[in-house]
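In the working numbering, the protein residues as written are 6 to 184.
Below is one structure; the comments refer to it alone.
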Amino acid sequence: MYFKNQGVENTENTIKLAVDTAKKRGIKYIVVASHEGDTAKLLKNCGLNIVVITHAFGHKILGENEMREDVKKELQSFGFKVYTSSHVLSGAERAISIKFGGVSPVEIVAYTLRMFGQGTKVAVEISTMALDAGLVPFDEDIIAIGGSGKGADTAVIIRPANAMDIFNTRIKEIICKPL
6 MYFKNQGVEN TENTIKLAVD TAKKRGIKYI VVASHEGDTA KLLKNCGLNI
56 VVITHAFGHK ILGENEMRED VKKELQSFGF KVYTSSHVLS GAERAISIKF
106 GGVSPVEIVA YTLRMFGQGT KVAVEISTMA LDAGLVPFDE DIIAIGGSGK
156 GADTAVIIRP ANAMDIFNTR IKEIICKPL
């Protein structure tokens, strides 16, 4: 499915397509980017293992997390795993680029993935983070859902690799994305 535009308007369709695909293909895990929890909440009662990846503390405001603690607890009450960490495709290397200029090799990977859309970059990033945290199984296809800011507009079937082996990540199929 290709959406005419990117953004939050595609969130419900993206979630539905991802869940339907997972059930048809026997995929047991969905990893979703959700910094305030709204996108993740749409996966409630879907019958799959859900891993929610949030922005790192300090992403927007130093020392703070965009996901409120009550929202995190609500998601956990659904049986979701909620994980917060530095972004694998920026992290400390972004600080070096900001401070000294230029671009790091990891940021080049991120910008290359953005050629397929911001949501595709996010899907690769969050699936790697989930694997590194031990929240999804190694050597198994999962579905990763990302977006272009608020909401979700991209879902992919992906076989993630750990960060130290990220070039062995395989995007098996694009379920949906903006044109």
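Even glycine gets a Cβ: it sits at the ideal position worked out from N, Cα and C.
Let me know the secondary structure DSSP gives F186 once reduced to three states.
This structure cannot settle anything about residue 186, because the visible part of the chain is limited to 6 through 184.
Which residues mark the beginning and the end of the alpha helix (DSSP H) in which K28 is found?
As a working note, residue 28 is residue 23 in the sequence shown. That run of the alpha helix (DSSP H) goes T16 to R30.
Helix, strand or coil for A157, going by three-state DSSP, please let me know.
As a working mapping, residue 157 is identified with position 152 in the sequence shown. If DSSP states are grouped into helix, strand and coil, A157 belongs with coil.
Are the CB atoms of T125 and K182 nearer to each other than 8 Å?
Within the sequence shown, numbered from 1, the residue matching residue 125 stands at position 120. Within the sequence shown, numbered from 1, the residue matching residue 182 stands at position 177. T125 is a Cβ neighbour of K182, given a cutoff of 8 Å.
For L136 and A38, I'd like the C-alpha separation in whole angstroms.
For this step, residue 136 is matched to residue 131 along the sequence shown. For this step, residue 38 is matched to residue 33 along the sequence shown. For L136 and A38, the distance between alpha carbons rounds to 14 Å.
For T159 versus A115, is the C-beta spacing smaller than 8 Å?
Against the sequence shown, residue 159 aligns to sequence position 154. Against the sequence shown, residue 115 aligns to sequence position 110. Not a contact, by the Cβ cut-off of 8 Å.
Which residues mark the beginning and the end of the beta strand (DSSP E) in which A149 is found?
As a working mapping, residue 149 is identified with position 144 in the sequence shown. That run of the beta strand (DSSP E) goes I147 to G151.
Could you say which of F143, V87 and A27 lies nearest to K46 if we only look at CA atoms?
As a first step, residue 46 must be located in the sequence shown, where it is residue number 41. Looking at the Cα atoms, V87 is the closest of the given residues.
So is V185 buried or exposed if we call it buried at 16+ other beta carbons inside 10 Å?
Outside the modelled stretch of the chain, which goes from 6 to 184, sits residue 185, for which no answer is possible.
Roughly how many angstroms lie between the CA atoms of D163 and F85, to the nearest whole one?
Position 158 of the sequence shown, counted from the start, is the residue given in the question as residue 163. Position 80 of the sequence shown, counted from the start, is the residue given in the question as residue 85. A quick correction: the sequence has Ile, not Asp, at residue 163. In a straight line, the C-alpha of I163 is about 20 Å away from that of F85.
Rounded to the nearest angstrom, how far is the Cβ of I20 from that of L48, given a contact under 8 Å?
For this step, residue 20 is matched to residue 15 along the sequence shown. For this step, residue 48 is matched to residue 43 along the sequence shown. Sure, about 6 Å apart at Cβ, within 8 Å.
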